[in-house]
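J.: I'd like to ask some things about the structure below.
2 protein chains.
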Amino acid sequence: MRLTTKGRYAVTAMLDLALHAERGPISLADISKRQDISLSYLEQLFSRLRQSGLVCSVRGPGGGYRLARSGADICVAEIIDAVNESVDATSCGGNSDCSGGEQCLTHYLWTDLSRQIHGFLNGISLADLVERSEVQEVARRQDCRNGADGTIEQKVAIIGGLQ
Amino acid sequence: MRLTTKGRYAVTAMLDLALHAERGPISLADISKRQDISLSYLEQLFSRLRQSGLVCSVRGPGGGYRLARSGADICVAEIIDAVNESVDATSCGGNSDCSGGEQCLTHYLWTDLSRQIHGFLNGISLADLVERSEVQEVARRQDCRNGADGTIEQKVAIIGGLQ
DNA sequence: CAAATACCCGACCAGTTCGCTCGGCTATAT
DNA sequence: ATATAGCCGAGCGAACTGGTCGGGTATTTG
Numbered sequence: 001m002r003l004t005t006k007g008r009y010a011v012t013a014m015l016d017l018a019l020h021a022e023r024g025p026i027s028l029a030d031i032s033k034r035q036d037i038s039l040s041y042l043e044q045l046f047s048r049l050r051q052s053g054l055v056c057s058v059r060g061p062g063g064g065y066r067l068a069r070s071g072a073d074i075c076v077a078e079i080i081d082a083v084n085e086s087v088d089a090t091s092c093g094g095n096s097d098c099s100g101g102e103q104c105l106t107h108y109l110w111t112d113l114s115r116q117i118h119g120f121l122n123g124i125s126l127a128d129l130v131e132r133s134e135v136q137e138v139a140r141r142q143d144c145r146n147g148a149d150g151t152i153e154q155k156v157a158i159i160g161g162l163q
Numbered sequence: 164m165r166l167t168t169k170g171r172y173a174v175t176a177m178l179d180l181a182l183h184a185e186r187g188p189i190s191l192a193d194i195s196k197r198q199d200i201s202l203s204y205l206e207q208l209f210s211r212l213r214q215s216g217l218v219c220s221v222r223g224p225g226g227g228y229r230l231a232r233s234g235a236d237i238c239v240a241e242i243i244d245a246v247n248e249s250v251d252a253t254s255c256g257g258n259s260d261c262s263g264g265e266q267c268l269t270h271y272l273w274t275d276l277s278r279q280i281h282g283f284l285n286g287i288s289l290a291d292l293v294e295r296s297e298v299q300e301v302a303r304r305q306d307c308r309n310g311a312d313g314t315i316e317q318k319v320a321i322i323g324g325l326q
């Protein structure tokens, strides 16, 4: 299990999705504005997230992404694994022989450590993160700051105005 | 907190050091042979480990590295942090403002998650890893395989032969 | 003293990943 | 028909990875 900034971006984006779940599909453009992540980079991340079955997409105007499952059923570990493209091959691929028929120290040690971290992050769901008060506070600020996006009432009003 | 192969190499090398602690200073050449890590790469890693006060060095013939503290007092998190050179600057450095005076979702989320993982890995010491039976087994195999190195008795015998 | 050992240090380098841009495509709603 | 917004691939600079090479310097030993 690798833990890099890429995974952080993915978790942040998924959390944004979870926070605005009730609005229906969320466009990547919205997430890009709110979380200040490049749109194209988000596209790449969500391509992986979709292939992993964590989100589903709605094409066309008014479309976007939504969580494929409840936020309570999506854990941080899944998100990180989805985008990290386990090219693993930790020099001793899988549990077979490395360096000539024998298993290396690294193998036992790291797979075990990795499993423990994985288990730990498996215990944290998106819903857990959404529930935190600080997260809700920041989300509220982010919503206010972006005129392009607002509450569901505002959104309906904007759509109405376009007609 | 980042979790990459670099950290794994460092933990493996430190574990090797802990496993052979009773032999006195262990040369990087020995670790390189046993763990199949490039000597030059080990030098880079141990430069960081030394600067972080995790190991101390003995120069000259018969020299090498030894743990600066007991294995029970060195945890996995420390080792990983030592080599990873926290260039962090997570786009919102520290706890100050990011993206214009406000704190981003990422900031709260990741520092918190990072702290939890850190705490988790802080709970695992080198001594904990040494105690595992699988680790001891692999270490025994590795010792046997390398004729250039052996038990302390063998080492004394070799040194005696050179005199 | 001279030689061997082994830590120390910096430059450099191929390969990969990161984060991102750009251009163009397709499905869908209005 | 047009605009939206998901899809997709090529490419790109910067950083990181894992390593080589060529030198040092401290220390032990013959």
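Taken in order, these protein sequences are the chains called A and B. Just so you know, we're using the numbering used here here: the first sequence kicks off at 1 and counts up by one. Just so you know, we're using the numbering used here here: the second sequence kicks off at 164 and counts up by one. Just so you know, even glycine gets a beta-carbon here, dropped at the ideal spot from N, CA and C. Computed from a prediction, not measured in an experiment: that's the story for all the values here.
#1: When burial is assigned at 16 or more other CB atoms within 10 Å of the CB, is glycine 263 (chain B) buried or exposed?
#2: By Cβ distance, which residues of its chain are closer than 6 Å to isoleucine 166 (chain A), with the 5 residues on each side in sequence left out?
#3: Taking 8 Å as the threshold (C-beta atoms), are proline 188 (chain B) and glycine 225 (chain B) in contact?
#4: Inspect the beta-carbon positions of leucine 166 (chain B) and valine 76 (chain A) and report whether they are closer than 8 Å.
#5: For arginine 69 (chain A), which three-state DSSP category applies?
#6: Once you ignore the five residues that flank histidine 20 (chain A) on each side, which residues in its own chain have a CB closer than 7 Å to its CB?
#7: Which residues mark the beginning and the end of the beta strand (DSSP E) in which serine 220 (chain B) is found?
#8: Whose Cβ in chain A lies nearer than 7 Å to the Cβ of phenylalanine 209 (chain B)?
#9: For serine 215 (chain B), which option in B:Glu241, B:Met177, B:His281, B:Leu284 has the closest C-alpha, if you only look at C-alpha atoms?
#10: If you run the structure through DSSP and keep just helix, strand and coil, what is serine 114 (chain A)?
#11: Measuring alpha carbon to alpha carbon, tell me which of A:Ala18, A:Asn122, A:Ser57, A:Ser40 ends up nearest methionine 1 (chain A).
#12: Mapping DSSP to helix, strand and coil, what is glycine 227 (chain B)?
#13: Among A:Tyr41, A:Met14, A:Gly60, which one has its Cα closest to the Cα of aspartate 73 (chain A)?
#14: With distances taken Cα to Cα, identify the nearest neighbour of glutamate 206 (chain B) among B:Ala173, B:Trp273, B:Ala290, B:Gln279.
#15: Closer than 8 Å, CB to CB, is threonine 111 (chain A) near chain B or not?
#16: Under DSSP, the alpha helix (DSSP H) around leucine 185 (chain B) begins and ends at which residues?
#17: Taking just the CA atoms, how far does aspartate 30 (chain A) sit from tyrosine 65 (chain A)?
#18: Starting from valine 76 (chain A), find everything on chain B with Cβ-Cβ shorter than 9 Å and list it in chain order.
#19: Could you check which residue in B:Ile200, B:Ser201, B:Arg211, B:Leu191 has the C-alpha nearest to that of glycine 223 (chain B)?
#20: Does DSSP put serine 52 (chain A) in a helix, a strand or coil?
#21: If you reduce the DSSP assignment to three classes, tell me which class serine 40 (chain A) lands in.
#22: Which residue marks the beginning of the alpha helix (DSSP H) containing arginine 34 (chain A), and which one marks its end?
#23: To the nearest angstrom, how far is the alpha carbon of alanine 290 (chain B) from that of threonine 274 (chain B)?
#24: I need the boundaries of the alpha helix (DSSP H) containing leucine 3 (chain A), first residue and last residue.
#25: I'd like to confirm the pairing. Which residues does DSSP put opposite serine 47 (chain A) in its beta bridges?
#26: Please report the Cβ distance between serine 57 (chain A) and arginine 50 (chain A), rounded to the nearest whole angstrom; I am assuming they are in contact, meaning their Cβ atoms lie under 8 Å.
#27: Under 8 Å Cβ-Cβ, which residues of chain A neighbour methionine 177 (chain B)?
#28: Report buried or exposed for threonine 175 (chain B), applying the criterion of at least 16 other Cβ atoms within 10 angstroms of its Cβ.
#29: So isoleucine 280 (chain B) packs on isoleucine 117 (chain A), CB below 8 Å; how close in whole Å?
#30: Could you spell out where the alpha helix (DSSP H) holding isoleucine 243 (chain B) opens and where it closes?
#31: So which of B:Arg295, B:Leu217, B:Arg197 has the shortest CA-CA distance to alanine 245 (chain B)?
#32: If the criterion is Cβ atoms closer than 8 Å, does the pair leucine 230 (chain B) and leucine 292 (chain B) meet it?
T.: In short, the structure shows the following:
#1: As a working mapping, residue 263 (chain B) is identified with position 100 in the second sequence. Below a pLDDT of 50, predicted positions are generally treated as unreliable, and glycine 263 (chain B), at 44, falls in that range; no measurement from the model is reported.
#2: Any property of residue 166 (chain A) remains undetermined from this structure, which presents chain A solely from 1 to 163.
#3: Within the second sequence, numbered from 1, the residue matching residue 225 (chain B) stands at position 62. Within the second sequence, numbered from 1, the residue matching residue 188 (chain B) stands at position 25. In contact: glycine 225 (chain B) and proline 188 (chain B) (Cβ atoms closer than 8 Å).
#4: Residue mapping note: residue 166 (chain B) aligns to position 3 of the second sequence, counting from 1. Residue mapping note: residue 76 (chain A) aligns to position 76 of the first sequence, counting from 1. Going by C-beta atoms, leucine 166 (chain B) is not nearer than 8 Å to valine 76 (chain A).
#5: Your numbering for residue 69 (chain A) matches position 69 in the first sequence. Coil, per DSSP.
#6: Numbered from 1 along the first sequence, position 20 holds the residue referred to as residue 20 (chain A). Around histidine 20 (chain A): Ile26.
#7: The sequence position of residue 220 (chain B) within the second sequence is 57, counting from 1. Counting along the chain, serine 220 (chain B) sits inside the beta strand (DSSP E) bounded by residues 218–221.
#8: Here residue 209 (chain B) corresponds to residue number 46 of the second sequence, with the count starting at 1. Within chain A, no residue comes near phenylalanine 209 (chain B); the closest Cβ sits about 17 Å away, beyond 7 Å.
#9: Numbered from 1 along the second sequence, position 52 holds the residue referred to as residue 215 (chain B). Checking every option, the nearest Cα to that of serine 215 (chain B) belongs to B:Glu241.
#10: Translated into positions along the first sequence, residue 114 (chain A) becomes position 114. Of the three classes helix, strand and coil, the one that applies to serine 114 (chain A) here is helix, per DSSP.
#11: Working through the first sequence from its first residue, we reach residue 1 (chain A) at position 1. With distances taken between Cα atoms, methionine 1 (chain A) lies closest to A:Asn122.
#12: Position 64 of the second sequence holds residue 227 (chain B). Of the three classes helix, strand and coil, the one that applies to glycine 227 (chain B) here is strand, per DSSP.
#13: Mapped onto the first sequence, residue 73 (chain A) falls at position 73. The option with the nearest alpha carbon to aspartate 73 (chain A) is A:Met14.
#14: If you number the second sequence from 1, residue 206 (chain B) lands on position 43. Looking at the Cα atoms, B:Ala173 is the closest of the given residues.
#15: To locate residue 111 (chain A), count along the first sequence from 1; it is residue 111. Cβ-Cβ to chain B under 8 Å: no for threonine 111 (chain A).
#16: The residue labelled residue 185 (chain B) in the question sits at position 22 within the second sequence. The sequence given here places glutamate at residue 185 (chain B); leucine does not occur at that position. Counting along the chain, glutamate 185 (chain B) falls outside any alpha helix (DSSP H), and DSSP gives it neither H nor E.
#17: Locating residue 65 (chain A) in the first sequence gives position 65, counting from the first residue. Locating residue 30 (chain A) in the first sequence gives position 30, counting from the first residue. About 11 Å.
#18: As a working note, residue 76 (chain A) is residue 76 in the first sequence. Per Cβ cutoff of 9 Å: Leu276.
#19: As a first step, residue 223 (chain B) is located in the second sequence; it is residue number 60 there, counting from the start. Of the candidates B:Ile200, B:Ser201, B:Arg211, B:Leu191, the one whose C-alpha sits nearest the C-alpha of glycine 223 (chain B) is B:Leu191.
#20: Residue numbering aside, residue 52 (chain A) sits at position 52 when the first sequence is read from its first letter. In the three-state DSSP reduction, serine 52 (chain A) falls in the coil class, being neither helix nor strand.
#21: In the first sequence, residue 40 (chain A) corresponds to position 40, counting from 1. Under the three-state reduction of DSSP output, serine 40 (chain A) falls in the helix class.
#22: Counting from 1 along the first sequence, the entry for residue 34 (chain A) is found at position 34. Run containing arginine 34 (chain A): 28–35, per the alpha helix (DSSP H) assignment.
#23: On the second sequence, residue 290 (chain B) is found 127 positions in, with the first residue counted as 1. On the second sequence, residue 274 (chain B) is found 111 positions in, with the first residue counted as 1. The straight-line gap from Cα to Cα measures roughly 28 Å.
#24: Reading the first sequence from its first residue, position 3 is the one you call residue 3 (chain A). Here leucine 3 (chain A) belongs to no alpha helix (DSSP H), and DSSP marks it neither H nor E.
#25: The residue labelled residue 47 (chain A) in the question sits at position 47 within the first sequence. Paired residue(s): none; serine 47 (chain A) is not in a bridge.
#26: Taking the first sequence and counting its residues from 1, the one referred to as residue 57 (chain A) is at position 57. Taking the first sequence and counting its residues from 1, the one referred to as residue 50 (chain A) is at position 50. With a Cβ gap of about 6 Å, serine 57 (chain A) and arginine 50 (chain A) count as contacting.
#27: Numbered from 1 along the second sequence, position 14 holds the residue referred to as residue 177 (chain B). Going along chain A, no residue has its Cβ under 8 Å from methionine 177 (chain B), so there is no contact; the nearest lies around 10 Å.
#28: In the second sequence, residue 175 (chain B) corresponds to position 12, counting from 1. That one is buried.
#29: Working through the second sequence from its first residue, we reach residue 280 (chain B) at position 117. Working through the first sequence from its first residue, we reach residue 117 (chain A) at position 117. Sure, about 6 Å apart at Cβ, within 8 Å.
#30: Walking along the second sequence from the start, residue 243 (chain B) turns up at place 80. Per DSSP, isoleucine 243 (chain B) belongs to the alpha helix (DSSP H) from 239–247.
#31: The residue you call residue 245 (chain B) lines up with position 82 of the second sequence. Minimum Cα distance to alanine 245 (chain B) is reached at B:Leu217.
#32: Along the second sequence, read from residue 1 onward, the residue named residue 230 (chain B) stands at position 67. Along the second sequence, read from residue 1 onward, the residue named residue 292 (chain B) stands at position 129. No, the pair does not count as a contact, with Cβ atoms beyond the cut-off.
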